[in-house]
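What follows is a short report on a single structure.
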Amino acid sequence: MWASLFRVVALVRKELLAILKDPRSRYSFLLPPILQCLIFGYAATYDLNDIPYAVFDQDHGAAARELLSRLDGTRVFHRIANLTRESDIAAAIDDKKALLVIQIGQDFERNLLLGKAADIQVIADGRNSNTAGVASGYISTIVNDFNAHWSADHGLDAPPVQVTERAWYNPWLETRWTMIPSLIGTITLIQTMMFAAMSVARERELGTFDQLLVTPLRPYEIMVGKALPAMAIGLVQATTILFVAQLWFQIPFQGSYAALYAGLILFVLAAVGIGLFVSSIANTMQQAMLYAFVLIMPFALLSGLTTPISNMPVAFQYFTLINPLRYAITIAQRVYLEGVGMDRLIPDLWPMALIAMFTLGTATWMFRNKVQ
Amino acid sequence: MTGELYASLRRIIALVRKETYQIVRDPSSIVIGVVMPLLLILLFGYALSLDVKNLAVAVVLEAPSPAASELAAGFRLSPYFDATVITSMEEARELMLERKVDGIIRLRPDFARQLAAGTAQVQVIVYGGDANRGRAIESYAEGAVAEWTARRLSAGQGTATGLVTVVSRLWFNEAVDSHYYLVPGLIVMVMTLIGAFLTTMVMAREWERGTLEALFVTPVRSAEILLGKTLPYFALGMLGLALVILAARFLFDVPLRGSLVVLIGVSMLYLLVALGMGLLISSYFKNQLIASQITMLVTYLPALMLSGFVFDLRSVPAPVNAIASAFPARYFVSIMQTVFLAGDIWSVILPNAAVLAGMVLVLLVLSIVATRKKLV
Chain A
5 MWASLFRVVA LVRKELLAIL KDPRSRYSFL LPPILQCLIF GYAATYDLND
55 IPYAVFDQDH GAAARELLSR LDGTRVFHRI ANLTRESDIA AAIDDKKALL
105 VIQIGQDFER NLLLGKAADI QVIADGRNSN TAGVASGYIS TIVNDFNAHW
155 SADHGLDAPP VQVTERAWYN PWLETRWTMI PSLIGTITLI QTMMFAAMSV
205 ARERELGTFD QLLVTPLRPY EIMVGKALPA MAIGLVQATT ILFVAQLWFQ
255 IPFQGSYAAL YAGLILFVLA AVGIGLFVSS IANTMQQAML YAFVLIMPFA
305 LLSGLTTPIS NMPVAFQYFT LINPLRYAIT IAQRVYLEGV GMDRLIPDLW
355 PMALIAMFTL GTATWMFRNK VQ
Chain B
17 MTGELYASLR RIIALVRKET YQIVRDPSSI VIGVVMPLLL ILLFGYALSL
67 DVKNLAVAVV LEAPSPAASE LAAGFRLSPY FDATVITSME EARELMLERK
117 VDGIIRLRPD FARQLAAGTA QVQVIVYGGD ANRGRAIESY AEGAVAEWTA
167 RRLSAGQGTA TGLVTVVSRL WFNEAVDSHY YLVPGLIVMV MTLIGAFLTT
217 MVMAREWERG TLEALFVTPV RSAEILLGKT LPYFALGMLG LALVILAARF
267 LFDVPLRGSL VVLIGVSMLY LLVALGMGLL ISSYFKNQLI ASQITMLVTY
317 LPALMLSGFV FDLRSVPAPV NAIASAFPAR YFVSIMQTVF LAGDIWSVIL
367 PNAAVLAGMV LVLLVLSIVA TRKKLV
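Chains as they are written, first to last, in our numbering: chain A, 5 to 376; chain B, 17 to 392.
Below, the structure is given as structure tokens:
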């Protein structure tokens, strides 16, 4: 028992030395997570804070002017042109100068004063339909606001039903609050899985793995010795991102660190397990990297990070069940924003433990039975 | 002179042949050339959708009344919502905590009385953990309520008022199908992956194994080595491109409103940029482990996050925007979305293509410098 522990510690020490001794690899594990978190924290948002638009106002009335001044007053919308001809609309949108064009027809104000419905046309650039949808949503909100004031000023009945809105756990519905806790898992997954996948493949390619096999180290000891350093890297990276989220982006942390780290440790274990599994199959580093990548890609895309899982076809929803990132993102968001305790996290914790057990077990078996 | 050119050509052909054998015999190259594009097509085409549908909500009907039940039915029948009607707020809160629903529509017990008195309240509570979805629920709930109001008004149960209504039209994507912009983005991902990843490993491997030194003692020149390495992967990349374009047209019915020639031409240009990035990274780091990590950081993730492919670059702060401009992906995404959905709009295509061409030049020169015949 002591001897076994001693051998594992020696291997872990050697692995850590190999990583930390080389300054290039030392930085390649610490700097990228911070940079990525900062850059993606700002970039990965569906919120819009600058919408260039053009106006084609055929009415020129006071009501139209007031509506437009409401848009301009938001600081999100900025008017780049007042169009005078219908044919200019296409030019403004085609060149990507304007995200949308608002067209106000001739009898806009007349209709409005007559108590008839007055239309405004919003023509949006659908090359990114999500952005266009968000921008149109902003316009609807502003128009609703205008309507409420117009009704009050002209002695009309208030609309019969009012909708009041509240968002739990993220009062301003900022995408960043959703995104950054998710990045804890995503960024960590990519580097730890890659690292674990390369670790054994590298020894195989250099021929040192055979040497390792003739030492007193047993296969499971090799596996533990390879897994622990990779896990340590993953946890350090996750902690770094957690720091950036709290200190730089100032997103309030609601939950307990114990619950978060329980989830993270299991997650990193599962990620390393998958990495070592890939590593045990691959013969060269190139193969290891490509196979790892072929897995990372669907893991990242089918995790709920960019698009919700419930929007996916059922077959893909089943695939997400073996995706450790899916659970990590759920856990990080729920602990970070909602502050839920362990009891609510159990459905997300045990699948990761299962993934880790299966992959690590298979990898160990492969170590023993695959000698070139 | 002609003899020299001929000899050079022969050397390149020999290298290309060797590299082609290596690709064909190594299953992992086939993985990236064929499996990866197909996987991406499936993922982006079928699995990723930002379209709003099946928003899971709980409609809390605290005291049933004809009006409230009618409104609740409106939610249940809406194609956008997957609504469960329940009767208590506690139950709704529990559903939210179990993450069974993303939103709660609450009709208070006095809904009918308030409505009769003038104005009733509908409370919409959304789960903020997924902000995008939360916002979608808010706006579609408003829409559902407005529709119900309009129906009531036209049925004569209220007063008609003239107010501004918004009529939205989405140019280039009238059906509001998110495939329309995801699939052109997919081409960017495939090109980036094939280009950068394969070449990264190829050069770094030769350095690491010392076989490049063996090449140096042959008459082969650095530029010829690079060309010999690039051509086979260029061909593999074009194969990937063909797969994706076919899928976009025939599997997902994304229209191609510009010309195919422009599409292929620009894609070739971008493939060169990606190959150049891979070559440069591997010739500089000369180590497969580090080169692969760096490639991941500077190609795949920026192509996904900093290209305007999923997340619009209009909203990012200026410094991040400047960083995004340093990566080639955003220029290619801009061209792809335009060529596919809008047409050959030269005022978008030309400036972006010019930047890409400039990047190719810089990358090639730097790669040749980095692979100069010298021992390390």
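The beta carbon of each residue, even a glycine, is placed where N, CA and C say it ideally should be.
Which residue marks the beginning of the alpha helix (DSSP H) containing residue i, and which one marks its end?
i                     : result
residue 279 (chain B) : 276-301
residue 122 (chain B) : Careful: residue 122 (chain B) lies outside any alpha helix (DSSP H), inside the beta strand (DSSP E) at 119-123.
residue 362 (chain A) : 346-373
residue 254 (chain A) : Run containing residue 254 (chain A): none; DSSP gives neither H nor E here.
residue 63 (chain B)  : Neither: residue 63 (chain B) is in no alpha helix (DSSP H) and is coded neither H nor E.
residue 59 (chain B)  : Unbroken run through residue 59 (chain B): none, as it is neither H nor E.
residue 37 (chain A)  : 27-47
residue 297 (chain A) : 289-305
Going by DSSP in three states, residue i sits in which element: helix, strand or coil?
i                     : result
residue 268 (chain B) : coil
residue 94 (chain B)  : coil
residue 161 (chain B) : helix
residue 154 (chain A) : helix
residue 317 (chain A) : coil
residue 16 (chain A)  : helix
residue 170 (chain A) : strand
residue 187 (chain B) : strand
residue 73 (chain B)  : strand
Which residues in the same chain as residue i place their Cβ atom closer than 8 Å to its Cβ, once the five residues preceding and following it in sequence are excluded?
i                     : result
residue 289 (chain A) : 202, 205, 206 and 209
residue 75 (chain A)  : 57, 81, 83, 106, 143 and 146
residue 102 (chain B) : 74, 75, 76, 77, 108 and 111
residue 207 (chain B) : 253, 256, 257, 283, 286, 287, 290 and 348
If you follow the beta strand (DSSP E) that residue i is in, where does it begin and where does it stop?
i                     : result
residue 83 (chain A)  : 81-86
residue 235 (chain B) : Unbroken run through residue 235 (chain B): none, as it is neither H nor E.
residue 22 (chain B)  : From DSSP, residue 22 (chain B) is part of no beta strand (DSSP E) but of the alpha helix (DSSP H) over 18-41.
Within the same chain, show all residues whose beta-carbon is closer than 7 Å to that of residue i, passing over the 5 residues directly before and after it, in chain order.
i                     : result
residue 228 (chain B) : 222
residue 144 (chain B) : 150
residue 372 (chain A) : 223
residue 308 (chain A) : 330 and 333
residue 139 (chain A) : 52, 55, 103, 104 and 128
residue 171 (chain A) : 177
residue 250 (chain B) : 287 and 291
residue 49 (chain B)  : 210, 252, 255 and 256
residue 316 (chain B) : 208 and 209
Comparing the C-beta of residue i with each C-beta of chain B, is any distance below 8 Å?
i                     : result
residue 100 (chain A) : yes
residue 141 (chain A) : yes
residue 233 (chain A) : no
residue 54 (chain A)  : yes
residue 328 (chain A) : no
residue 130 (chain A) : yes
Taking 6 Å as the limit between beta carbons, can you name the residues of its chain near residue i, skipping five residues before and five after?
i                     : result
residue 161 (chain B) : 138
residue 27 (chain B)  : 236 and 240
residue 281 (chain A) : 363, 366 and 367
residue 392 (chain B) : Any reading at residue 392 (chain B) is ruled out, since the residue's pLDDT is 49, under 50, leaving its predicted position unreliable.
residue 228 (chain A) : 12
residue 186 (chain A) : 309 and 333
residue 346 (chain B) : 323, 324 and 340
residue 324 (chain A) : 306, 313 and 330
Distance cutoff 8 Å, beta carbons only. Does residue i sit that close to anything in chain A?
i                     : result
residue 141 (chain B) : yes
residue 146 (chain B) : yes
residue 113 (chain B) : yes
residue 154 (chain B) : yes
residue 100 (chain B) : no
residue 196 (chain B) : yes
residue 368 (chain B) : no
residue 176 (chain B) : Residue placement at residue 176 (chain B) cannot be trusted, given a pLDDT of 47 that sits under 50; the coordinates are not used to answer.
residue 299 (chain B) : no
residue 213 (chain B) : yes
residue 26 (chain B)  : no
residue 304 (chain B) : yes
For the region 243-261 of chain B and the region 62-77 of chain B, state whether three or more C-beta atom pairs, one from each stretch, are separated by less than 8 Å. no
When the Cβ atoms of the region 150-159 of chain A are set against those of the region 336-353 of chain B, are three or more pairs found closer than 8 Å? no
Taking contact to mean 3 or more Cβ pairs, one atom from each stretch, closer than 8 Å, check whether the region 82-94 of chain A and the region 24-38 of chain A are in contact. In this structure the region 82-94 of chain A does not touch the region 24-38 of chain A; the number of beta carbon pairs closer than 8 Å is below three.
With a threshold of 8 Å, are at least 3 pairs of Cβ atoms found where one atom belongs to the region 201-219 of chain B and the other to the region 360-379 of chain B? no
Would the region 261-270 of chain A and the region 211-229 of chain A be scored as touching if the rule is three or more Cβ pairs under 8 Å? no
Decide yes or no for the touch test of the region 190-202 of chain A against the region 272-280 of chain A: beta carbon pairs closer than 8 Å, at least 3 of them. yes
With three or more beta-carbon pairs closer than 8 Å as the criterion, would you say the region 62-73 of chain A touches the region 110-122 of chain A? yes
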